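First the structure, in the form of structure tokens, and then the observations on it.
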Amino acid sequence: MSLFKLRGNLTKTQNLVLGIVGLVILVAVWWILAEVNAEQRAVIDDYETHLPSSILQDSTVQQIDRDSLARADSIKLANATEFEKVYPILPPPNHVVAAFPDLFQEDRLIYNSKLSIWRNLQGYFWAILISVVVGFVIGLIPLFRGLFSKQVDALRYLPLTALTGLFIIWFGIDDKMKIAFLAFGILVYMLPVVVQRIDEVKDVYLKTVFTLGATDWQTIRSVYFPSVFSKLMDDIRVLTAISWTYIIIAELLNRQGGLGALIYVKARQGQLEKVFAILIVIILIGFLQDRIFVYMDRRLFPHKYAKKRINGIKEVEYGLMAILMAITLAIIVPAIIPSTIGVMGNLATILAITGLVISLYGEYRLRRASVEAA
Amino acid sequence: MSLFPDTENPNIIELKQIDQSYDGGESFIIQGLDFMVEDKPAQGQFVVILGMSGSGKSTLLRYIAGLQKPTAGEVLIHGKPIDDTKRVGMVFQQYSSLPWMTVLENVSLALKFQGIEEKERKEKAMEMIEMVGLLGHEDKFAQYPTLSGGQLQRVAIARSLLANPEVLLMDEPFGALDINTRLQMQDMLAKIWLKFHPTVIFVTHDIAEAVYLGDDIYILKSQPSRIVEHIHVDLPFHRTKETKRDPHFVELVHMVEDKMIDVAKLG
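The structure is reproduced here in structure tokens:
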């Protein structure tokens, strides 16, 4: 009965089987709920009252006419021989799956996803950049700690979703506003965390590098950076979920594409299966993002996972750095000099591909090293 | 009578008239403390500071390392006030290795700070790693439990000696280790000392350890701290396991024990 022992361990097979069964149960419950809420609706070629609402409301159309039309409709309904099943509340899984081809073609799912992901990335980038720089200044320099640390903690209580109006006033109604909103949303959580992570740096490490003759800058590079960043990686991962909530809110304002805008439109049109399909896409993107962060964490901070430094890890690290640099280039330079957006885009692409190749080579060496070790 | 033998040699470490107060001068934890270690360049020496908890033994080491400044008094190394140009390595009781770096990177850290290039760094660090018996572990991340407690302290010793082979400060370095590892570490330290002849200032409250490793033992009384006893350990220069079976060793341990009890009565 180890399955019910508190905090008991599952074997690998148990884990896999239970994972699959769990998924099946969830889908089954979903399906059952959909079927329970399904309705039979008569199939009628042509409702008499199916007139444009403008005509129905037109006072020149007599009330008597409308009544007679409605009567005719109810006779049709009563005599109906064909029925179809509709799902007005919850679309079943197969309908959701079936909605995808249409989403790809007509609703430009790929394009909208790219738009949202790129906004998310930019928002993330600015939030991390600002919170790390400001966080280190506040965390390390007593003057600024005294000045601002309390205020930074208080930022967390801002009701962000109520601030959308302000962001429109400050940043206009375009992409800039959406990105700024997202960046701010992440920033208010990240900034206090950065300060806290700096506080958590172990005293004995600082004393050690001091006795070894480190300058202030060498202390920052050899102790503060690795110690703080290796922990921040986990914080950034946790914030992924929040970031998607905020990007959807931002995209609802002045709908200019993106998954948030799409989901809103589809809900208004009553195409519930598409709403569900987009939700699944967002969950998948978030999940993928999380996996990417985990991967980066494993490669950039190998000491958290591995016992030794293995050949190849350096190359992966350099490759990942190049990709991060590429993202930085693509975001930061055009933000300062808007006319460079095209050039920087190309440059960043080249850099990112180079980084990818280098890190793939590193991965190859890592694989080989682990095969040799085994 | 001075506790410190008069010699012609200049002192490598001098603490003069040290006062320490944490409440703005109302009460003093340390008052009028003098502590001098003479320089024996080619020979080195092993100085042990014994004292009860709270007697300020670790504080003395922190002064010498430059980690803390006394309220009043002078701290001199080679006759000069401590400054930022050359620091003194210290081994702490807690594991102090940077866990995101490998053993090799940890040991060569001081050389990296000095701007020495990687090849030379690695060469010197590997020599030191071999010396402390960590060969084959150099690519491991310096963290528990990948490395054992004893191995981590070996990393710290190698790192400090590479940073400054003249002086080594050790603040109860074996306090957290199990008894077997502690004995091994003591032997290794004795061996390393014979090789480099550094001036070691070693803080402990283990009397047998103090007698086994030390040339000179100073006993600190507390409230306020002052050095009240100096015991010269006249055991052979080269210490081995046999030393501990020497009747004179046992005699010395008992003598130090008695003095500790006397000192405890003082304050």
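Those protein sequence lines, which keep their order, are chains A and B. Per my numbering, residue 8 is the first one in the first sequence, and the count goes up by one each step. Per my numbering, residue 13 is the first one in the second sequence, and the count goes up by one each step. Beta carbons: idealized from backbone N, C-alpha and C, even for Gly. These numbers come from a predicted model, not from an experiment.
Identification of residues in the region 214 to 243 of chain A having a C-beta nearer than 9 Å to some C-beta of chain B yields K214, T215, V216, F217, T218, L219, G220, A221, T222, Q225, S229, V230, P233, S234 and S237, given in sequence order.
K238 (chain A) is classed as buried because its beta carbon has at least 16 other beta carbons within 10 Å across all chains shown.
Counting only runs that start and end inside the region 88 to 139 of chain B, the alpha helix (DSSP H) elements of at least 4 residues fall at 115 to 119 and 121 to 125. Around Y212 (chain A), the beta-carbon contacts reaching into chain B at under 7 Å are S108 and L110. Residue pairing by DSSP places D228 (chain B) opposite B:V59 and B:H244 in a beta bridge. If you draw a straight line from the Cα of V167 (chain B) to the Cα of L147 (chain B), it is about 11 Å long.
By the beta-carbon neighbour count (other beta carbons within 10 angstroms, threshold 16), S75 (chain A) is exposed. Distance from the Cα of L45 (chain B) is smallest, within the candidate group B:K28, B:I191, B:G91 and B:E254, for B:K28. Among the residues facing chain A, G36 (chain B) is not included, as its CB has no counterpart in that chain under 8 Å away. Cβ-Cβ distances below 7 Å link I365 (chain A) to E322, Y325, G326 and A329 in the same chain, with the five nearest sequence neighbours on each side left out; the list follows chain order.
When beta bridges are read from the DSSP output, K52 (chain B) appears opposite no residue. Counting of Cβ neighbours within 10 angstroms places W205 (chain B) among the buried residues, the total reaching 16 or more. Between the alpha carbons of V24 (chain A) and I32 (chain A) lies a gap of roughly 12 Å. Nearest neighbour of L373 (chain A) by Cα position, chosen from A:K315, A:T347 and A:M351, turns out to be A:K315. Taking a C-beta distance under 8 Å as the contact criterion, A175 (chain B) and M140 (chain B) do not qualify as a contact pair. For L189 (chain A) against A257 (chain A), the beta-carbon gap comes to about 6 Å, under 8 Å, which counts as contact. The residues A329, I330, M332, A333 and L336, in chain order, have a CB closer than 8 Å to that of L358 (chain A) in the same chain once the five nearest residues on each side in sequence are set aside. Contact of D151 (chain B) with chain A by beta-carbon distance below 7 Å involves K315 and R316.
Among the residues facing chain A, Q155 (chain B) is included, as its CB has a counterpart in that chain under 8 Å away.
Straight through space, the alpha carbons of L295 (chain A) and L10 (chain A) are spaced by roughly 30 Å. The beta-bridge partner set that DSSP reports for D183 (chain B) consists of B:V215. In the displayed model, K209 (chain A) falls within coil according to three-state DSSP, outside both helix and strand. Here DSSP, grouped into helix, strand and coil, assigns S39 (chain B) to coil. DSSP places R163 (chain A) in the coil class of the three-state scheme, outside both helix and strand. Secondary structure of V34 (chain A) (DSSP, three-state): helix. Cβ contact annotation for S109 (chain B) (same chain, cutoff 6 Å, sequence separation greater than five): N118, A154, L164 and V167, in chain order. The closest CA to that of F208 (chain B), considering only B:Q55, B:T255 and B:L264, is found on B:Q55. For T193 (chain B) against E150 (chain B), the beta-carbon gap comes to about 20 Å, at or over 8 Å, which does not count as contact.
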